[in-house]
Structures are given as structure tokens and as C-alpha cells.
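Q:
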Amino acid sequence: MKVMLRKVTKTPLDFEVKSDEMTFKGYLEYHEGKLILLKAKLQGSLKKPCDICAEEFKLEVDEDIEFFISDGLYEDDGSLELDVVESLDGNADIDELLHSEVELIKNDYHSCNNCL
1 MKVMLRKVTK
11 TPLDFEVKSD
21 EMTFKGYLEY
31 HEGKLILLKA
41 KLQGSLKKPC
51 DICAEEFKLE
61 VDEDIEFFIS
71 DGLYEDDGSL
81 ELDVVESLDG
91 NADIDELLHS
101 EVELIKNDYH
111 SCNNCL
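Each step along the sequence shown adds one to the number in UniProt numbering, with nothing skipped, and position 21 is 21.
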């Protein structure tokens with residue numbers, strides 16, 4: 001699902017995408033300048049190898065996600081620490097953002113119930 005960033009206004013634009021057993025649901029809202037706020041909930045489960053015993057287990061995910069999307073290059077003036085994803089083509093690819101968030105979770109350290 002692609003969203004044209006210039007069409008995002010102060011009125012929240014809701015979205016929901018699903019992939020396998022994950023749901024990414026939230027909204028996009030114009031913030032200021034070239035920044036669009038993304039607030040979402042990532043829920044579901046994914047299979048991942050335990051980082052201790054290497055046995056595959058099901059990891060339950062329930063994460064609040066919040067960051068900004070910049071329509072073009074983001075130039076930081078250093079006054080605020082913001083999480084910003086740059087979009088160079090004027091679109092936000094929600095499916096790709098879901099995939100990126102899932103990969104970030106997979107790369108964290110997780111252990112199965114047997115190794116806790």
C-alpha cells in the first residue's frame with residue numbers, strides 16, 4: 001500500500017496492512033514542513049530462532065510504533081531528536097515499513113520459554 005505524502009493532511013489518514021500473522025494498523029498525519037507523523041500498532045506473532053538454543057519459536061509482538069516520514073531529504077537542525085524515515089519519491093510504502101519494523105524486531109535478542 002503506497003500513500004502519496006502530499007495528500008496527507010492534519011486529518012489523520014488511517015491505514016491497515018497485514019502480512020502473514022502480523023497486523024500494522026495506524027494513521028499518518030501532517031506534522032510540519034516536510035514531516036508526516038506515523039503512529040501505529042504492530043501486533044501478531046512471528047517465527048524466530050531462539051538466540052540461546054537456536055530452536056524456532058513463536059514470538060508474540062505487540063508494539064507501539066511512532067516516527068516521522070520526511071517528504072524528501074530531512075535536514076536536522078540539531079534542536080530535536082526525531083526518528084525520521086526519508087521518502088525520496090514522495091510516497092510512503094506502508095508494506096515496506098511493516099517489513100522493516102518486523103526485521104528490526106527479528107534482529108533483537110529473543111529467547112524461547114525453555115531458555116528464560
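In this text, a Cβ means the ideal position worked out from N, Cα and C, and glycines have one as well.
Are the CB atoms of Asp51 and Ser111 within a distance shorter than 7 Å?
A: Yes. Within cutoff.
Q: Counting beta carbon pairs with one atom in the stretch 45-60 and one in the stretch 1-8, are three or more of them shorter than 8 Å?
A: The stretch 1-8 is not in contact with the stretch 45-60.
Q: So Ser19 is in the beta strand (DSSP E); what residue range does that whole segment cover?
A: Note, Ser19: beta strand (DSSP E), Leu13 to Ser19.
Q: Got a sec? Which residues, its chain only, sit under 8 Å from His99 by beta carbon, not counting five neighbours each side?
A: So the qualifying residues of the chain are Ser19.
Q: Identify every residue that forms a DSSP beta bridge with Gly26.
A: Answer is Phe15 and Ala40, bridged to Gly26.
Q: If I measure Cβ to Cβ from Phe15 and keep anything under 6 Å in the same chain, skipping five residues before and after, which residues do I get?
A: Cβ within range, chain order: Ile94.
Q: Do Leu37 and Phe68 count as a contact pair if the criterion is CB distance below 7 Å?
A: In contact: Phe68 and Leu37 (Cβ atoms closer than 7 Å).
Q: Are there 16 or more other CB atoms within 10 angstroms of the CB of residue 151, so buried, or fewer, so exposed?
A: With the chain represented from 1 up to 116, any question about residue 151 goes unanswered, as that position is not in the structure.
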